[in-house]
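Chains as they are written, first to last, in my numbering: chain U, 74 to 850; chain H, 6 to 173.
No residue lacks a Cβ here, since even glycine has one placed at the ideal position from N, Cα and C.
Note that this is a predicted model, so its numbers are computed, not measured.
The next block holds one structure in the form of structure tokens; read it before the comments.
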Amino acid sequence: MNKSKTKYVGKNVLRFEDERLLNGNGQYTADINFPGMYHVAFLRSEISHGEIISIDLEEAKKLENVYDIFLYDDLKHISPIISKSNMKKYLPTKQHILCKKRIRYLGEPIAAVVAKNRYIAEDAISLINIELKELEPIIDTINASNETKNFVHPSLKTNVILERTFSQGDIKDVNQNELISIKKIFKMGRKTPLSMEPRSYVCDINKRTNELTLYSSTQVPGIIKDAIMTYLGINGNQITVIAPDVGGGFGGKASLYMEELIVVAIANKLQTPIKWVSDRYEDLLTTSQGFEEIIEAELLLDEKGNFISLNSNVYGDIGAYSIYPWTAALEPMQVAGFLQGPYKIKNFYSNVKCITSNKPPTGPYRGVGRPAAVFVIESLVDMAARKINMNPSQLRLNNIIRKNEQPYKIGSGIVWDKVGFEECLRKALSLIDYDKIKTTKKWEGVGIATYGELTGIGSKISVAPGMPLNTGSETSRLEIDSTGSISATFGIASHGQGLETTLSQVVGDHLGVTPNSIKIKQGNTSLITHGTGTYASRSAALAGGAAIKVSKKARNHILNVASFILNVPKTEIDIEDNLITQKNSNQKLSFPELSRIVYSDMQTLPIKLRKPLIFIESYDPIFGASTTATHIATVKINPETFKIKIKNYVVAEDCGKVINPMIVDGQVQGGVAQGIGAALFEEMKYNENGQLETATLADYLIPNSLDVPEISISHLEDFLPNNIGKFKGMGEGGTIGATGAIANAVSDALKHLNIEITELPITPNKLYTLIKNKEKK
Amino acid sequence: MKTYNDNNRLKISFKLNDELLQKQVKPRQLLSDFLRFDCGMTGTHVGCEHGICGACTILFNNEPVRSCLMLAPQIDNGEITTIEGISENSTYNDLREAFKKYHALQCGYCTPGFLTTIIYLLEKKQHLSDEEIRKKLSGNICRCTGYTGIIKAVKEVMANRFKRSIND
């Protein structure tokens with residue numbers, strides 16, 4: 074391929090996934106059924122903290138069409154799930170497959186009932202008599218960190234299971250008296266990823282071969298396959314994990330779940346297909362949650378507006394267990410990791426505590442750590458701007474890391490390189506005409522947030538700090554079969570990102586064929602030796618890189634074969650639009666003709682050119698690709714109802730080379746929608762008794778069509794990373810930038826009251842309380 | 006023992022996607038489960054089972070309803086249209102093409118519910134403003150797209166069908 078020519082990358086190729094999904098022909102895990110299949114329902118804890126005294130199954134077992142009931146003792150051969158880490162001072166938690174004695178969070182599974190259908194299984198659950206001893210629930214994060222007696226895991230003798238300090242420079246060398254201090258305590262409320270498809274698992278068993286197939290609504294089939302080997306002792310060639318159509322994930326489907334292992338274990342034990350589909354209540358209670366932090370932060374700057382120092386303490390509430398495989402470090406460490414953002418600050422200090430509580434485990438949620446980090450640093454910047462009476466955009470420009478200052482290592486150790494911080498900021502300012510829309514009106518405000526992000530991460534950096542798992546490479550196998558048809562197989566698992574389309578665009582360009590002639594296979598562990606899945610904004614950069622390498626390899630081999638067939642040097646041959654042609658002549662070969670000659674014609678080619686057209690390549694970018702965006706939001710607050718309406722929203726983002734602009738825009742728009750949720754609506758509220766007050770979608774509000782404006786998006790493609798495809802990840806950025814931009818816009822809208830937002834989400838209720846408290850003073 | 010007898014059945018007749026059917030149903034079975042498992046219409050997706058998300062929206066006697074909030078016996082003598090019926094109707098090709106063009110779906114889980122609500126709006130032959138479209142669709146939740154593509158798709162289809170400028 075001529076290097077300057079991309080026929081498909083960069084184009085709005087319509088998605089191949091859409092046809093089936095629009096016609097009701099998508100196949101999600103809950104749609105899958107097998108003859109003789111049994112259904113599982115779980116008895117779950119109705120308290121957050123306690124001990125099981127006794128369980129009486131007698132009446133439940135008597136119920137017609139109840140086949141079996143499993144308790145911890147029935148599955149105790151499965152060793153406790155332990156999420157390992159290389160981090161010092163890390164105390165791993167032990168998570169039993171079902172509650173053994175201790176109950177550590179509301180909704181924790183205690184018994185698995187197997188019945189003819191879900192209705193009967195739930196009838197049986199209502200007949201189980203369980204006696205519990207309630208313990209004082211550990212809910213408040215700060216109290217949990219100071220606790221000396223009441224522990225989520227008594228054997229650890231602390232609720233702080235990991236602590237780490239990041240430090241650069243020395244604040245003692247700075248004369249603090251001459252500096253301006255902005256010091257606040259910020260709070261980010263707990264969220265749930267809330268994909269529209271609840272988690273579901275179906276395990277089929279082939280009695281002839283004794284092979285199991287787990288259909289799972291997962292983002293990470295490869296990780297699940299490996300975990301099944303680790304915990305159930307089932308070899309990879311005896312189980313296939315398939316992620317069929319998956320109805321969104323956002324991180325909530327990127328971890329291992331007990332239900333997933335139990336469904337496989339029971340199918341294997343009872344030798345019959347087993348199905349479990351979470352209802353929304355179970356999903357809200359038990360899918361990994363995200364983002365719960367309290368962050369004490371202080372920004373020191375001089376009178377001219379130069380940032381001097383950033384100090385913080387991060388208290389991360391990780392729930393009851395250190396989640397597998399990401400560990401407790403995942404979210405809180407990355408709050409500190411990204412807190413400095415895109416700014417030059419010589420002195421940096423952050424102490425991070427990962428604290429257990431009697432709430433469900435937290436895991437990855439879109440943005441991981443960064444939505445909270447951006448909320449904090451961008452709020453501090455705006456507060457500083459107000460204090461020194463400087464335009465917030467100018468204060469950012471004064472301190473932002475510029476092109477000629479990169480690579481730049483920030484205090485947490487992250488290195489920013491080849492990233493257009495200043496350029497995105499300037500672009501966003503001009504997109505919204507910032508200085509013109511800046512308003513002195515009451516109840517109206519504008520807020521900026523700019524951030525740095527690391528995406529498409531290779532093997533030198535773990536996507537979760539300290540996690541001993543290779544998330545840094547992806548493999549692709551490209552095959553051309555006897556009919557000349559092309560397929561490319563990957564270890565990723567698309568669940569809304571449109572990777573079947575974008576990867577075929579990449580292969581199409583580099584092989585010289587149309588995207589719609591390529592079959593992309595993914596989300597199936599039997600098709601590829603190793604691959605983890607789709608998370609951490611990695612699939613385009615890593616699988617895209619593998620796609621380029623394997624396509625180039627295939628193309629080169631095809632040219633060798635064609636050169637022999639056409640009897641011309643390979644430099645004289647081109648491949649375009651599925652035709653192998655001799656330049657400046659009429660000689661051409663189709664892929665079916667080429668395949669016939671390779672596979673079925675025993676005379677034309679020498680034996681070494683008759684080898685199967687199978688090519689395998691792996692790609693590891695080693696490091697990650699720095700990326701950025703600036704978000705600017707304008708809001709208007711109704712002074713009677715305190716409803717916050719987002720009026721305008723712009724994003725200028727740097728995502729490297731764009732594969733499919735339509736899909737990139739869709740990811741940004743959708744990411745911002747989730748960021749709006751995080752900033753204005755969404756909070757999993759556990760009261761002091763450990764009960765969840767937001768256990769329905771009428772209580773846990775996510776944005777609807779009236780809450781999300783159309784977002785103006787601009788892409789910068791001037792800062793290309795060091796990876797093979799020049800792709801940067803962009804799946805999470807929308808959520809990352811939104812928290813800070815909206816918080817700042819709301820604070821700006823409340824400037825006449827001198828109220829600054831330090832807690833998200835900022836709901837009408839909270840706003841009302843803030844304003845009333847201010848009036849009292 | 007206070008348990009429910011799972012063996013009770015009621016006989017119902019109804020039209021499903023223009024086909025007349027007679028079935029024995031369990032009195033307590035949710036309509037959504039009945040359609041998905043007893044009738045094989047798995048395009049009806051279940052997102053919350055408490056009437057908020059709209060993923061399970063179907064047409065019952067030509068009105069959009071949440072199939073998770075109805076019991077199967079309630080459709081006796083009624084007419085049901087699911088996404089499978091809609092997909093066979095070429096009248097809505099324009100809507101499907103607009104959904105592709107404006108990237109109005111990502112994971113696709115909420116899509117059948119949205120399409121069902123939208124064709125109900127289209128059948129009323131009204132040309133709605135952006136804000137009205139947003140209001141009418143606010144009972145369906147999408148977690149992926151941020152709604153913009155869906156609104157644009159509906160806007161274009163309405164403009165083309167009802168012969169008015171898209172900028173009205």
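Proximity of residue i and residue j at Cβ, strictly below 8 Å
| i | j | result |
| --- | --- | --- |
| A614/U | F494/U | no |
| L87/U | K157/H | no |
| G569/U | G295/U | no |
| T700/U | G564/U | no |
| A446/U | L412/U | yes |
| S663/U | G557/U | yes |
| P69/H | Y107/H | no |
| L572/U | L358/U | no |
| A409/U | S430/U | no |
| Y81/U | Q407/U | no |
| A698/U | N796/U | yes |
Three-way DSSP call (helix, strand, coil) for residue i in this model
| i | result |
| --- | --- |
| Y416/U | strand |
| I381/U | strand |
| C497/U | helix |
| V337/U | helix |
| F800/U | strand |
| I171/H | For I171/H, the pLDDT reaches just 49, beneath the cut-off of 50, and the residue's location in the model is therefore unreliable, leaving the point undetermined. |
| L21/H | strand |
| Y481/U | strand |
| V86/U | coil |
| P834/U | coil |
| K160/H | helix |
| D104/U | helix |
| V731/U | coil |
| K76/U | Confidence is the limiting factor: at K76/U the pLDDT is only 47, short of 50, which leaves the residue's position unreliable, though a coordinate-based value still follows. K76/U falls in the coil class under three-state DSSP. |
| P32/H | coil |
| I91/H | helix |
| F143/U | strand |
| L64/H | strand |
| K716/U | coil |
Supposed close pair residue i, residue j - CB separation, criterion 8 Å
| i | j | result |
| --- | --- | --- |
| P3/H | G48/H | Residue 3/H cannot be examined here, being either before or after the span of chain H that is shown, 6 to 173. |
| I88/H | F19/H | Rounded, the Cβ-Cβ distance is 17 Å, inconsistent with contact. |
| I473/U | P415/U | 5 Å |
| G154/H | G739/U | 6 Å |
| L373/U | I367/U | Between I367/U and L373/U the Cβ distance is about 21 Å, and since that is not below 8 Å, they are no contact. |
| N190/U | H112/U | 5 Å |
| L468/U | H55/H | Not really, about 47 Å apart at Cβ, beyond 8 Å. |
| S143/H | S778/U | 5 Å |
| I339/U | V187/U | 6 Å |
| Y304/U | L334/U | 6 Å |
Beta-carbon contacts of residue i that lie in its chain and below 8 Å, excluding the five residues immediately before and after
| i | result |
| --- | --- |
| I126/U | E204, L205 and K206 |
| K656/U | E645, I646 and D647 |
Same chain, Cβ closer than 6 Å to residue i, neighbours up to 5 away in sequence not counted
| i | result |
| --- | --- |
| E832/U | K260 |
| D284/U | One detail in the question is off: residue 284/U reads as Glu in this sequence, not Asp. Q311. |
| L600/U | T562 and K594 |
| M6/H | Any answer about M6/H is weak, because its pLDDT of 48 lies below 50 and its placement is not dependable; what the coordinates show is given next. There are no such residues. |
| W516/U | I710, P712 and A822 |
| S240/U | Y422 |
| A217/U | I211, N232, I428 and S430 |
Same chain, Cβ closer than 7 Å to residue i, five either side skipped, listed in chain order
| i | result |
| --- | --- |
| Q344/U | I278 and K280 |
| S395/U | S156, P165, T166, I234 and A401 |
Proximity test, residue i beta-carbon vs the ligand GDP heavy atom, cut-off 7 Å
| i | result |
| --- | --- |
| G606/U | Annotation note on the ligand GDP: not contained in the displayed structure, which lists no ligands. |
Could I get the ranges of all uninterrupted alpha helix (DSSP H) runs contained in the segment 214-280 of chain U, with 4 residues as the minimum, in chain order?
The qualifying runs are 214-219.
Residue ranges of each alpha helix (DSSP H) within the segment 481-558 of chain U, 4 or longer:
Listed in chain order, the alpha helix (DSSP H) elements of length 4 or more contained wholly in the segment 481-558 of chain U are 494-505 and 507-510.
Could you give the uninterrupted runs of the beta strand (DSSP E) lying entirely in the segment 403-458 of chain U, keeping only those of 3 residues or more?
420-429
Considering only residues of the segment 104-128 of chain H, which uninterrupted alpha helix (DSSP H) runs meet the minimum length of 4 residues and lie entirely inside it, listed in chain order?
116-128
Residue ranges of each beta strand (DSSP E) within the segment 318-376 of chain U, 3 or longer
347-350 and 366-374
Let me know the beta strand (DSSP E) ranges lying completely inside the segment 120-196 of chain U, each 3 residues or longer, listed in chain order.
Within the segment 120-196 of chain U, the runs of beta strand (DSSP E) at least 3 residues long that lie entirely inside it are, in chain order, 123-129, 139-143 and 182-188.
Restricting to runs no shorter than 4 residues, where is the alpha helix (DSSP H) found entirely within the segment 282-306 of chain U?
294-305
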